[in-house]
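Asker:
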Amino acid sequence: MTGGRRAAGWSATVMIAFVRRDLREALTYKLSFLSSVTGILLSSATFYFVAKLVPAGTPALGPFGGDYFSFAVVGVAFAGLLGMFQEGLASVVRGAQVSGTLEALLVTPVPVPAILFGSSLYGLLFQVFRTVLHLGVALAFFGLALGRVNAAGVVAVGFLTVLCFLSIGLTTRFKDLATFGIKPIWAFTIGVVVNVPLGYFLSTVAFQNYWRFLGR
Amino acid sequence: MSEAPAILAENLVKRYPVFRGFRELVLRPFDRRAVTALDGIDLEVGRGRVFCLLGPNGAGKTTLIKILATLVLPDAGRAAVAGHDVAREPGPAKEAVGYAVGDERSFYWRLTGRQNLEFFGALYGLKGPSRDRRIDELLHVAGLEQAAGLRFNSYSTGMRQMLAFARALLADADILLVDEPTRSLDPQAADRIRSFLRDDLARGRGKTILWATHDLGEAADCADDIAVISRGRVRLRGPAAALAAGGRAALRQAYEQAVIASEGTS
Numbered sequence: 001m002t003g004g005r006r007a008a009g010w011s012a013t014v015m016i017a018f019v020r021r022d023l024r025e026a027l028t029y030k031l032s033f034l035s036s037v038t039g040i041l042l043s044s045a046t047f048y049f050v051a052k053l054v055p056a057g058t059p060a061l062g063p064f065g066g067d068y069f070s071f072a073v074v075g076v077a078f079a080g081l082l083g084m085f086q087e088g089l090a091s092v093v094r095g096a097q098v099s100g101t102l103e104a105l106l107v108t109p110v111p112v113p114a115i116l117f118g119s120s121l122y123g124l125l126f127q128v129f130r131t132v133l134h135l136g137v138a139l140a141f142f143g144l145a146l147g148r149v150n151a152a153g154v155v156a157v158g159f160l161t162v163l164c165f166l167s168i169g170l171t172t173r174f175k176d177l178a179t180f181g182i183k184p185i186w187a188f189t190i191g192v193v194v195n196v197p198l199g200y201f202l203s204t205v206a207f208q209n210y211w212r213f214l215g216r
Numbered sequence: 217m218s219e220a221p222a223i224l225a226e227n228l229v230k231r232y233p234v235f236r237g238f239r240e241l242v243l244r245p246f247d248r249r250a251v252t253a254l255d256g257i258d259l260e261v262g263r264g265r266v267f268c269l270l271g272p273n274g275a276g277k278t279t280l281i282k283i284l285a286t287l288v289l290p291d292a293g294r295a296a297v298a299g300h301d302v303a304r305e306p307g308p309a310k311e312a313v314g315y316a317v318g319d320e321r322s323f324y325w326r327l328t329g330r331q332n333l334e335f336f337g338a339l340y341g342l343k344g345p346s347r348d349r350r351i352d353e354l355l356h357v358a359g360l361e362q363a364a365g366l367r368f369n370s371y372s373t374g375m376r377q378m379l380a381f382a383r384a385l386l387a388d389a390d391i392l393l394v395d396e397p398t399r400s401l402d403p404q405a406a407d408r409i410r411s412f413l414r415d416d417l418a419r420g421r422g423k424t425i426l427w428a429t430h431d432l433g434e435a436a437d438c439a440d441d442i443a444v445i446s447r448g449r450v451r452l453r454g455p456a457a458a459l460a461a462g463g464r465a466a467l468r469q470a471y472e473q474a475v476i477a478s479e480g481t482s
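Protein sequences appear in the order of chains A and B.
Following our numbering, the numbering of the first sequence begins with 1 at its first residue and continues without gaps.
Following our numbering, the numbering of the second sequence begins with 217 at its first residue and continues without gaps.
1) Ignoring anything shorter than 3 residues, give me the beta strand (DSSP E) runs that lie fully in the region 236 to 303 of chain B, in order along the chain.
2) Using a Cβ-Cβ cutoff of 8 Å, what residues of the region 96 to 113 of chain A are near chain B? List them in chain order.
3) Using a Cβ-Cβ cutoff of less than 7 Å, which residues in the same chain neighbour B:Leu-459 once the five nearest sequence positions on both sides are dropped?
4) Below 9 Å on C-beta distance, what does B:Phe-419 contact in chain A?
5) Name, please, each residue of chain A whose Cβ falls closer than 7 Å to the Cβ of B:Ala-285.
6) Identify whether A:Val-92 lies in helix, strand or coil by the three-state DSSP scheme.
7) Restricting to Cα atoms, I'd like to know which of B:Ala-465, B:Val-444, B:Gly-463, B:Ala-461 is closest to B:Ala-474.
8) So, is A:Arg-5 buried or exposed, given that buried needs 16 or more other C-beta atoms within 10 angstroms?
9) Using Cβ-Cβ distances below 7 Å, what residues of the region 12 to 31 of chain A are close to chain B?
10) Run through DSSP, which three-state label would A:Leu-27 get?
11) Which of the three DSSP states, helix, strand or coil, is assigned to B:Leu-413?
12) Any beta-carbon of chain C closer than 8 Å to the one on B:Pro-455?
13) Does the CB of B:Leu-426 have a neighbour CB from chain A at under 8 Å?
14) Considering only the alpha carbon of each residue, which of B:Ile-281, B:Glu-240, B:Thr-252 lies closest to B:Leu-259?
15) Answer yes or no: does any C-beta atom of chain A fall closer than 8 Å to that of B:Phe-336?
16) Expressed to the nearest angstrom, what Euclidean distance is found between the alpha-carbon atoms of B:Arg-464 and B:Ala-292?
17) May I have the straight-line CA-CA distance separating B:Gly-448 from B:Gly-271, to the nearest angstrom?
18) Leaving out the 5 sequence neighbours to the left and right, which residues in its chain are closer than 6 Å to A:Met-1 when beta-carbon positions are compared?
19) Note down, in chain order, every chain A residue with its Cβ under 7 Å from the Cβ of B:Gly-307.
20) Let me check one thing: in DSSP terms, what residues is B:Leu-379 bridge-paired to?
21) Beta carbon of B:Leu-224, beta carbon of B:Ala-295: below 8 Å?
22) I'd like to know whether the C-beta atoms of B:Gly-314 and B:Ala-363 end up nearer to each other than 8 Å.
23) If contacts are defined as beta-carbon pairs under 8 Å, then B:Phe-336 and B:Leu-386 qualify, I think. What distance do you get, rounded to the angstrom?
24) Please report whether the beta-carbon of B:Lys-230 lies at a distance below 8 Å from any beta-carbon of chain A.
25) Using a Cβ-Cβ cut-off of less than 9 Å, give me the residues of the region 310 to 323 of chain B that come near chain A, in sequence order.
26) When you compare each of B:Pro-455, B:Arg-421, B:Gly-422 to B:Asp-437 by their alpha carbons, which one comes out closest?
27) Using DSSP's beta-bridge definition, name the partner residues of B:Tyr-232.
28) Comparing the C-beta of B:Gln-404 with each C-beta of chain A, is any distance below 8 Å?
29) Report the rounded CA-to-CA distance for B:Leu-401 versus B:Leu-452, giving the unit in angstroms.
30) Where do the ends of the beta strand (DSSP E) carrying A:Pro-109 lie?
31) Are the C-beta of B:Arg-468 and some C-beta of chain A separated by less than 8 Å?
32) Ignoring anything shorter than 4 residues, give me the alpha helix (DSSP H) runs that lie fully in the region 433 to 469 of chain B, in order along the chain.
33) What in chain A is Cβ-close to B:Gln-331, meaning under 7 Å?
34) How many Å lie between A:Asn-150 and A:Ala-156 at the Cα?
35) Please classify A:Asp-22 as buried or exposed, where buried requires at least 16 other C-beta atoms within 10 Å of its C-beta.
36) Can you name the residues that DSSP bridges to B:Val-313?
In structure tokens form, the structure reads like this:
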């Protein structure tokens with residue numbers, strides 16, 4: 001009867017199961033699923049026409065290439081992604097608590113970090129898809145200009161920001177997880193270990209000029 | 217070498233901190249008031265036995281089951297399932313027990329019964345054709361083959377409970393923990409669940425079942441052993457045949473005496 005049973009955990013089977021579960025649930029809300037995708041097309045068009053109202057060469061947009069459309073689309077596309085990373089873990093735990101599925105998940109042999117990651121995976125993937133689609137639509141149909149983008153900087157800051165926001169999410173839920181036997185200190189330590197160097201980097205490197213300007 | 221008992225609890229203690237508002241936290245930051253859920257429980261359940269936990273609301277039955285299911289850590293004492301300490305070896309302990317989470321909200325309501333089992337099956341390490349065969353078998357055992365493709369939110373309360381058992385059996389663990397499985401069920405559905413647990417799972421498949429219930433008749437009919445818990449302690453225990461020898465009225469009398477006595481001592 002136990003044939004085919006192997007230790008679960010961080011396996012691809014488990015992660016795919018989480019994604020499939022959430023995709024199946026999302027597809028049961030057909031109209032909502034459809035509108036979340038078509039909304040991207042509409043918002044790109046909206047920003048395109050709003051950008052027509054902003055005069056070219058506005059001084060405030062100088063550091064961003066002077067193009068309001070590119071500035072707005074990139075901001076909106078990545079804001080959603082970062083928001084997902086920030087809220088992802090926190091909302092996963094809270095959502096499972098509210099819906100009542102948390103205990104059923106925690107009695108399985110899958111480690112808690114894998115449950116947290118797996119449960120937020122669909123949301124993260126969908127948000128990445130939305131971001132790519134957002135940028136893709138803006139590039140293909142509305143002439144999005146990404147010539148001034150520092151790709152390496154985006155990757156570095158993005159990676160650190162994701163770590164930071166994931167840690168914030170985990171840290172904010174440690175009290176709930178502690179009830180189920182997770183040592184709060186782990187979550188807190190992870191948060192501190194990630195946030196301290198990130199804070200140092202953001203303060204002394206990324207926002208160096210901004211702080212200098214503010215200091216004057 | 218003697219085989220470890222299916223379930224063992226030794227001097228098990230669990231206290232829950234009392235919820236306090238911000239005002240309380242500010243005014244009395246070092247106040248550590250707690251409610252004692254378990255106050256030194258000792259329990260041993262032999263393999264293949266049906267062990268009923270009886271007790272009033274708040275007696276500690278659910279807390280004990282959650283500790284055995286590794287959902288809650290004890291504050292003191294020791295608990296083990298199939299010889300695995302639930303605090304020190306939560307991994308093997310989890311694999312040794314199937315916890316039939318009674319809360320119907322523990323399923324994904326917009327997925328079908330089969331899709332729910334597919335998801336949880338993957339978390340138990342099942343995959344491919346063997347997973348599908350296992351799910352088919354469990355749906356058959358639970359009498360849900362015809363309803364497998366229906367959304368969970370269209371299931372009756374009895375069907376939801378049966379799907380909870382099917383989920384708990386996915387891992388084919390030898391020990392099953394069930395918490396008030398016949399709560400909110402009509403008499404026919406309750407009888408079917410009792411028969412399923414006692415005849416199919418315990419007698420037929422040799423499962424050990426720790427079964428929390430308020431229903432004295434259920435315990436008298438189904439249990440091999442009975443323990444009465446009140447105010448976090450075992451107040452009475454023994455073979456069901458002995459405790460219910462004088463019929464349900466005798467069991468009820470013994471139960472009430474044990475509970476009343478506990479109120480006098482606490």
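Glycine included, each C-beta is placed from N, C-alpha and C at the ideal position.
It should be emphasised that the depicted structure is a prediction, and the values quoted were computed from it without experimental measurement.
Answerer: Quick look at the numbers:
1) 250 to 261, 266 to 270, 292 to 297
2) Ser-99, Gly-100, Thr-101, Glu-103, Ala-104, Leu-105, Leu-106, Val-107, Thr-108, Pro-109, Val-110
3) Position 243 of the second sequence, counting from 1, holds the residue named residue 459 of chain B. Same-chain partners within the cutoff: Ile-442, Leu-467, Ala-470.
4) Numbered from 1 along the second sequence, position 203 holds the residue referred to as residue 419 of chain B. Here residue 419 of chain B turns out to be Arg, not Phe, going by the sequence shown. What B:Arg-419 touches in chain A: nothing, since even the nearest Cβ is about 17 Å away.
5) Counting from one through the second sequence, the residue named residue 285 of chain B turns up at place 69. What B:Ala-285 touches in chain A: Val-107.
6) Taking the first sequence and counting its residues from 1, one reaches residue 92 of chain A at position 92. The answer is helix: DSSP assigns A:Val-92 an H, G or I state.
7) Within the second sequence, the letter at position 258 stands for residue 474 of chain B. For B:Ala-474, the nearest C-alpha among the options comes from B:Val-444.
8) Residue numbering aside, residue 5 of chain A sits at position 5 when the first sequence is read from its first letter. The predicted position of A:Arg-5 is uncertain, since its pLDDT is 47 and thus under 50; a value taken from the coordinates is nonetheless stated next. Buried, by the Cβ-count rule.
9) Thr-13, Val-14, Ala-17, Arg-21, Arg-24, Glu-25, Thr-28
10) Your numbering for residue 27 of chain A matches position 27 in the first sequence. Reduced to three states, the DSSP call for A:Leu-27 is helix.
11) Reading the second sequence from its first residue, position 197 is the one you call residue 413 of chain B. Three-state result, B:Leu-413: helix.
12) Chain labels in this structure do not include chain C; the protein chains are A and B.
13) Indexing the second sequence from 1 puts residue 426 of chain B at position 210. No, because no Cβ of chain A sits closer than 8 Å to the Cβ of B:Leu-426.
14) For the purposes of this step, residue 259 of chain B is identified with residue 43 of the second sequence, where counting begins at 1. Checking every option, the nearest Cα to that of B:Leu-259 belongs to B:Ile-281.
15) One-based indexing of the second sequence puts residue 336 of chain B at position 120. Yes, because at least one Cβ of chain A sits closer than 8 Å to the Cβ of B:Phe-336.
16) Residue mapping note: residue 464 of chain B aligns to position 248 of the second sequence, counting from 1. Residue mapping note: residue 292 of chain B aligns to position 76 of the second sequence, counting from 1. When rounded, the distance between both Cα atoms is 35 Å.
17) On the second sequence, position 232 is the one that residue 448 of chain B refers to. On the second sequence, position 55 is the one that residue 271 of chain B refers to. Roughly 10 Å separates the two Cα atoms.
18) Taking the first residue of the first sequence as position 1, residue 1 of chain A is located at position 1. Low per-residue confidence applies at A:Met-1: pLDDT is 39, beneath 50, and the placement is therefore not dependable, though the value from the model is reported in the following sentence. Cβ neighbours of A:Met-1 beyond the five flanking positions: none.
19) For this step, residue 307 of chain B is matched to residue 91 along the second sequence. Correct list: Pro-109.
20) As a position in the second sequence, residue 379 of chain B is number 163, starting the count at 1. In DSSP, B:Leu-379 forms no bridge with anything.
21) Along the second sequence, read from residue 1 onward, the residue named residue 224 of chain B stands at position 8. Along the second sequence, read from residue 1 onward, the residue named residue 295 of chain B stands at position 79. In contact: B:Leu-224 and B:Ala-295 (Cβ atoms closer than 8 Å).
22) Against the second sequence, residue 314 of chain B aligns to sequence position 98. Against the second sequence, residue 363 of chain B aligns to sequence position 147. Result no, Cβ atoms of B:Gly-314 and B:Ala-363 do not sit closer than 8 Å.
23) Your numbering for residue 336 of chain B matches position 120 in the second sequence. Your numbering for residue 386 of chain B matches position 170 in the second sequence. About 6 Å separates the two Cβ atoms, so the contact holds.
24) In the second sequence, the residue the question calls residue 230 of chain B occupies position 14. Cβ-Cβ to chain A under 8 Å: no for B:Lys-230.
25) Lys-310, Glu-311, Val-313, Gly-314, Tyr-315, Val-317, Asp-319, Glu-320, Arg-321, Ser-322, Phe-323
26) Counting from one through the second sequence, the residue named residue 437 of chain B turns up at place 221. Ranking B:Pro-455, B:Arg-421, B:Gly-422 by Cα distance to B:Asp-437 puts B:Pro-455 first.
27) Position 16 of the second sequence, counted from the first residue, corresponds to residue 232 of chain B. DSSP, once it has assigned bridges, lists B:Val-251 as partnering B:Tyr-232.
28) Here the question's residue 404 of chain B lines up with position 188 in the second sequence. Judged by the 8 Å Cβ criterion, B:Gln-404 is not in contact with chain A.
29) Residue 401 of chain B sits at position 185 when you count from the first residue of the second sequence. Residue 452 of chain B sits at position 236 when you count from the first residue of the second sequence. Between B:Leu-401 and B:Leu-452, the C-alpha separation is close to 28 Å.
30) For the purposes of this step, residue 109 of chain A is taken as the residue at position 109 of the first sequence. That residue, A:Pro-109, is in no beta strand (DSSP E); it is neither H nor E in DSSP.
31) Walking along the second sequence from the start, residue 468 of chain B turns up at place 252. So no, B:Arg-468 is outside the interface.
32) 456 to 459
33) One-based indexing of the second sequence puts residue 331 of chain B at position 115. What B:Gln-331 touches in chain A: Arg-24.
34) The residue labelled residue 150 of chain A in the question sits at position 150 within the first sequence. The residue labelled residue 156 of chain A in the question sits at position 156 within the first sequence. Cα to Cα, the separation comes out at about 10 Å.
35) Taking the first residue of the first sequence as 1, we reach residue 22 of chain A at position 22. By the neighbour-count rule (16 or more Cβ atoms within 10 Å), A:Asp-22 is buried.
36) Taking the second sequence and counting its residues from 1, one reaches residue 313 of chain B at position 97. DSSP, once it has assigned bridges, lists B:Ile-391 as partnering B:Val-313.
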